[in-house]
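Presented below is the structure to which this report refers.
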Amino acid sequence: MGIRVATLVKEHGKEKAIKILNAYKFLMMTTTHFEYAELLKKAKHLIEEGKLDELEELDKKLEELEHYDLWD
Numbered sequence: 032m033g034i035r036v037a038t039l040v041k042e043h044g045k046e047k048a049i050k051i052l053n054a055y056k057f058l059m060m061t062t063t064h065f066e067y068a069e070l071l072k073k074a075k076h077l078i079e080e081g082k083l084d085e086l087e088e089l090d091k092k093l094e095e096l097e098h099y100d101l102w103d
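In structure tokens form, the structure reads like this:
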């Protein structure tokens, strides 16, 4: 179960994407997946700063973390 930030912004716009990221980040923090949560925090800042071209690279990092079973 992962999230693709670039797709999220494209499909829902910046404001809604930030709200979704905040909720997902909270979920990750409460399940002790801090590294994933930190990347989501970075994604939020990239969106706010308009650095949307950097989201694809961030998505790759998120995907790498998903290779480990986050839900064990």
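Start counting the sequence shown at 32; every next residue gets the next number (the working numbering). Using N, Cα and C, we set each Cβ at its ideal position, and we do this for glycine too.
On the CB-based measure, 16 or more other CB atoms within 10 Å of its CB, does Lys56 come out buried or exposed? The sequence position of residue 56 within the sequence shown is 25, counting from 1. Lys56 should be labelled buried.
Within a Cβ cutoff of 8 Å, which residues of the same chain sit near Glu85, ignoring the five residues on either side of it in sequence? Position 54 of the sequence shown, counted from the first residue, corresponds to residue 85. The residues are Leu77.
Say whether the region 59-70 touches the region 83-97, bearing in mind that this needs 3 or more beta-carbon pairs closer than 8 Å, one atom from each stretch. yes
Starting from the Cα of Gly33, find the closest Cα among Glu80, Lys45, Glu79, Ile51 and give me that residue. The residue you call residue 33 lines up with position 2 of the sequence shown. For Gly33, the nearest C-alpha among the options comes from Ile51.
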